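Numbering (mature numbering (1 follows the signal peptide of the UniProt record, and there is no 0)), first residue to last: -28 to -1, 1 to 615.
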């Protein structure tokens, strides 16, 4: 089943990309675009993309604006300004949330007396395709004070007090979509997503409408190609996912919306949302297997770059795509690029898992399908078209330590391909001061697509490896075997807790790492372990995800007090405020206490605890069959049109 879904997903886009890969000049893309000249274009309106469409354009570089910023300067001035603007919102949200939590014996005024040392909370959403987007959205909804049920439960308000939110792959769908759509309630956002229609075949079996859909996508990508920029499979995916995640009511065509447009939304201007960050990984040219020490690149509303000790630099994201040599425009005449940070391309890069899809298909497909895939893989892989291609902002920058200083292009892939599937790295940076991380894990680590703690284990191991790109302090975690054997992947668990036998083990609250509140995907009311490559969910399934996520918190004993105790532990320790016995009881129940059980566990396949009724699993199988038919028809139609 999993292989069939991967096949449908990958080949549907690759049948178009095959044409591009055949010819270095990408003439086939242009042929296809011309073949659909009868399809009307979306109207052009002003946006931060100067062309009004998917193509970037050259503009005059801004005066007195450095195009490379070393991390030695700390946070960017713009991010610092945003956090300052958000601080009063966060402070007010803390008071509301803690009043609602009503921790027995806890003095809220004392905790909030020094605003500069009030805790910084980050929420990290893992990858995992639309499964991760929906599971992440369900947890987000259960932590959102705009959801009265969450307020009644005592968990609503964590979203409002959070300083950062991060996502990769499917998590980037959620974080990016929330931010670009002006931070709505996620229950309203599901109407924008309309997951009843697949991103790959929105007209289901209507081959002509689907052909028109792909024709428009290809024409948009061709606009970028004709503007002189490299394109790849990620551009096709970017246009498809971009249309899915941006509200159609937006006055700007979604082909022209950029990631930097987030900062123009009223919620961002007013500091109403956690600072949104998504990530991708660097990949060496010709490489398919992503090493564990890959460079993490982040996209935020102001900058693109990496905290890696070998890159250590950022560029204004608005001018991403500009050819630079040691921080100066390569083309001379003070020319920069705008519009390259297309919103769909940014989240598409974070979710560009197609090279891994190709690897799996090449190893496990049936002989007929495998033969087709192998031919496409060969043509695409030889030209590195299975990645996202970026003009290298860091070309010529610090060549003594920078591993990409001699690369004209940056090749980026899905942010979770190094098995660190929860985007911890951006909010583990000391300069950001995050002391509590809520980690929502929707990973498909096991045979049956459930998380087993692999992401935390990988991040912890990287923190200990002196050769790793990400040697950032992270709380100790056990092996994946222990996660399963002790059922740490079935419930909320705290990592990095104070030592119960020696609560003063870190004097003055000087913990070297944040407290991690781990919330793994688990079937409380519905099987929420659908494939990463499943792109269609009916309303019953979407509602089931939301019910399951809410039940995850609702089923936790004393969740109101214990979640609040987790969020305040680090800041209370730093301020020298002793926590009441109610919090210690919570830590006794939810903290990992160091126990290990590294025996090989049985195959992990949990059953639904409280079934809510029929799920849409059968429909997913039907969807696969329909998608296969659509795939074959669309590919055949494309081939006929270019003969």
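Don't be surprised by glycine CBs; every beta carbon is placed ideally from N, CA and C.
These figures come from a predicted structure and were not determined experimentally.
Residue 24 and residue 311 have their C-alpha atoms spaced approximately 9 Å apart. Around residue 536, the same chain offers 69, 70, 73, 75, 126 as residues with beta carbons nearer than 8 Å, after the five sequence neighbours per side are excluded. Under the Cβ criterion (8 Å, minimum of three pairs), the region 484 to 499 counts as touching the region 395 to 415. Residue 266 is not a Cβ neighbour of residue 277, given a cutoff of 8 Å. With contact defined as three or more Cβ pairs closer than 8 Å, the region 374 to 388 and the region 304 to 320 are not in contact.
When DSSP states are grouped into helix, strand and coil, residue 463 belongs to the coil group. DSSP places residue 563 within a strand segment (E or B) once states are collapsed to three. A direct Cα-Cα distance of roughly 8 Å separates residue 416 from residue 504. Between residue 313 and residue 291, the alpha-carbon positions lie close to 8 Å from each other.
When DSSP reads this structure, residue 276 sits in a beta bridge with 271, 287. Beta-bridge pairing by DSSP links residue 137 to 95, 248. Residue 202 holds the alpha-carbon nearest to the alpha-carbon of residue 295 among 459, 202, 84.
Sequence-distant partners of residue 167 (beyond 5 residues in either direction) whose C-beta falls short of 7 Å from its own C-beta, in its chain, are 102, 508, 509, 514. When secondary structure is reduced to three states using DSSP, residue 469 falls in the coil class, being assigned neither helix nor strand. According to the DSSP assignment, residue 115 belongs to no alpha helix (DSSP H), since it is labelled neither H nor E. For residue 502, there is no enclosing beta strand (DSSP E), as DSSP marks it with neither H nor E. Going by beta carbons, residue 388 and residue 99 fall inside the 8 Å limit. Taking C-alpha positions only, residue 512 is separated from residue 433 by approximately 39 Å. Within the DSSP secondary-structure output, residue 68 pairs in no beta bridge. Here residue 521 is buried: its Cβ has 16 or more other Cβ atoms, across all protein chains shown, within 10 Å. By the criterion of a C-beta distance shorter than 8 Å, residue 462 is surrounded in its chain by 492, 494, 578, once the five residues flanking it on both sides are discounted. With fewer than 16 other Cβ atoms inside 10 Å of its own Cβ, residue 403 counts as exposed. At the C-beta level, residue 423 and residue 249 stay beyond 8 Å of one another. In this structure the region 178 to 194 does not touch the region 148 to 157; the number of beta carbon pairs closer than 8 Å is below three. When the beta-carbon positions are compared, residue 55 and residue 67 stay at least 8 Å from each other. In the structure shown, the three-state DSSP call for residue 24 is coil. By a beta-carbon distance limit of 8 Å, residue 50 does not contact residue 247. Their separation comes to about 10 Å. In the DSSP assignment, residue 30 falls outside any alpha helix (DSSP H) and within the unbroken beta strand (DSSP E) covering 29 to 32. The secondary-structure analysis by DSSP pairs residue 360 across a beta bridge with 384.
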